[in-house]
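Counting from 4, one number per residue, gives the positions in the sequence shown under this note's numbering.
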Amino acid sequence: MAKKRANVNKNICVACGVCRLECPREAIKIHQGCYALVNEEICVGCGLCQKACPANAIEIKERI
Ligand code: SF4
Ligand code: SF4
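Right, here's the structure in full:
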């Protein structure tokens, strides 16, 4: 069954860190101050980061 995971568009992300604070599983880090990076092993695809992102840079995608 496909699992949902957050996917950050690095070209849109402004590295504000809102998603990192919002994630209940602490699955997001800001990579070298440039963009949000999701740890797909930890992310459960809940979508809270997507709702919180002011730049609309996060999509929830299905992963196998
Ligand atoms: S979808 Fe949920 S678990 Fe995954 S990174 Fe976003 S807030 Fe965290
Ligand atoms: S909330 Fe959006 S713009 Fe801000 S760091 Fe996360 S993905 Fe990037």
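Backbone N, C-alpha and C fix where the C-beta goes; we use that ideal spot for every residue, glycine too.
The three-state secondary structure of Lys-54, taken from DSSP, is helix. Where Arg-28 is concerned, there is no enclosing alpha helix (DSSP H), because DSSP gives it neither an H nor an E.
Here the alpha carbons of Ala-5 and Val-21 stand approximately 27 Å from one another.
Each of Ala-9, Glu-25, Cys-26, Arg-28, Ala-30, Ile-31, Val-41, Cys-46, Val-47, Gly-48, Cys-49, Gly-50, Leu-51, Cys-52 has a C-beta closer than 6 Å to some heavy atom of ligand 1; these make up the full list, in chain order.
Under DSSP, Asn-12 takes part in no beta bridge, so it has no partner.
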